[in-house]
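Novice: Next up is a structure, given as structure tokens.
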Amino acid sequence: MRLTCPRCSAQYEVPTAAIPAAGRDVECSACGETWFQPASAGSDGPLQMPRGDEIPQGDGGSQAIDPSAPPPRRRELDPGIRDLLREEAEHEARVRAREAGQTAATTASARPAAPLQTPSRTPPQAPSGDDNARRLAEAQARTARLGATPGAVTHRPASRADLLPDVEEINSTLRSPSQGAQPTVSAQDRARQRRNFRIGLAVPVVAALLMLFVYLNADRIRLSLPQTTPAIDSFTATLDQGRFWLDAHLQALVGLFRA
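Numbering of the sequence shown is given in the numbering used here, commencing with residue 1353 and proceeding in unit increments.
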């Protein structure tokens, strides 16, 4: 049975028994094209290979392909497409490796910790005389080395931050009491403060009005209450002196402005 590739027109000679009555899928070994080959489409008769001088030259026409010959080299991919596919494969490999690492870390964290093994304690062995002599010699050698190099052990000088006082402590001691938390004043305390302010303002005003009333009605008070005459005279004389003193100073001040 003769098979012809619908893509590259390559022809193959296969046994008739290779194609069942229901047909089967076949693949071209030259271009990789796959198609369904029915049993009735095959042509009987042997496939005659053309001689070397009968092979047409150029690109046109179909050429007979020897089934035993190696398949032709397939067309290479575009470099850009090949790089893109390689980057996708590397990215997929990194994602899988990261997922595998996370799974391993989760499994390790979920795994119960192994019980601690208590080291077996062995009774200390009494040092022998040779060990005592060796340790004494080593101690003497270390002492001699320390004595020969007195400058080997140096003290780290204190930093300037350790020598200076703490700034926060100084600020806390210098902070005035007014900067502290202000006590909350209740509504009752505010009402008491307002009442005290009104009383403190009203007392001088009432006293001034009483003094003015007594000064203006001094004659009537003397006639009504003769025993208050000395006090009324002293009071009016004091107010008159105050009036004269204030008048003199006001005239002097007015004279300064006019000059």
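C-beta atoms are modelled at their ideal positions from N, C-alpha and C, and glycine is treated no differently.
Nearest-angstrom Cα distance between Val1566 and Leu1575?
Specialist: If I take the Cα positions, the gap works out to 13 angstroms.
Novice: Going by DSSP, name the residue or residues bridged to Tyr1364.
Specialist: Partner(s): Leu1355.
Novice: In the DSSP assignment, what are the bridge partners of Phe1388?
Specialist: According to DSSP, which records beta bridges pairwise, Phe1388 is partnered with Asp1377.
Novice: Classify Leu1355 as buried or exposed, calling it buried when 16 or more other Cβ atoms lie within 10 Å of its own Cβ.
Specialist: The residue is buried, with at least 16 neighbouring Cβ atoms inside 10 Å.
Novice: According to DSSP, is Asp1541 part of a helix, a strand, or is it coil?
Specialist: Note: Asp1541 maps to helix in three-state DSSP.
Novice: Enumerate in chain order the residues of its own chain whose CB-to-CB distance from Ile1371 is below 7 angstroms, with the five nearest sequence positions on each side excluded.
Specialist: If we look at Ile1371 and ignore the five residues flanking it on each side, its Cβ neighbours are Met1353, Gln1389, Ala1391, Gly1394.
Novice: Arg1379 and Arg1359 look like a contact to me (Cβ under 8 angstroms); what is the Cβ gap, rounded to whole Å?
Specialist: Before going further, note that residue 1379 is Glu rather than Arg in the sequence given. Rounded, the Cβ-Cβ distance is 11 angstroms, inconsistent with contact.
Novice: In angstroms, rounded to a whole number, what distance separates the CA positions of Gly1600 and Arg1572?
Specialist: It is Ala, not Gly, that sits at residue 1600 in the sequence shown. Straight-line Cα distance between these residues: approximately 29 angstroms.
Novice: Please report how far the alpha carbon of Pro1431 lies from the alpha carbon of Ala1445, in whole angstroms.
Specialist: C-alpha separation (whole angstroms): 21 angstroms.
Novice: Candidates Gly1594, Arg1595, Met1563: which alpha carbon is nearest Ile1584's?
Specialist: When each option's Cα is compared against that of Ile1584, the closest is Met1563.
Novice: For Gln1540, decide whether its Cβ has a neighbour in chain C, counting only Cβ atoms nearer than 9 angstroms.
Specialist: Looking at the structure shown, chain C is missing, and only one protein chain is on hand.
Novice: What residue range does the alpha helix (DSSP H) around Pro1582 cover?
Specialist: Here the alpha helix (DSSP H) through Pro1582 covers 1581-1610.
Novice: So for Gly1518, helix, strand or coil by DSSP?
Specialist: Before going further, note that residue 1518 is Asp rather than Gly in the sequence given. Coil at Asp1518, not helix or strand.
Novice: What's the gap between the Cα of Gln1540 and the Cα of Arg1546?
Specialist: Between Gln1540 and Arg1546, the C-alpha separation is close to 10 angstroms.
Novice: DSSP three-state label for Ile1573, please.
Specialist: Helix, per DSSP.
Novice: Grab me the residues of Ala1485's own chain with a C-beta within less than 8 angstroms of its C-beta, minus the 5 sequence neighbours each way, in chain order.
Specialist: So no residue of the chain qualifies.
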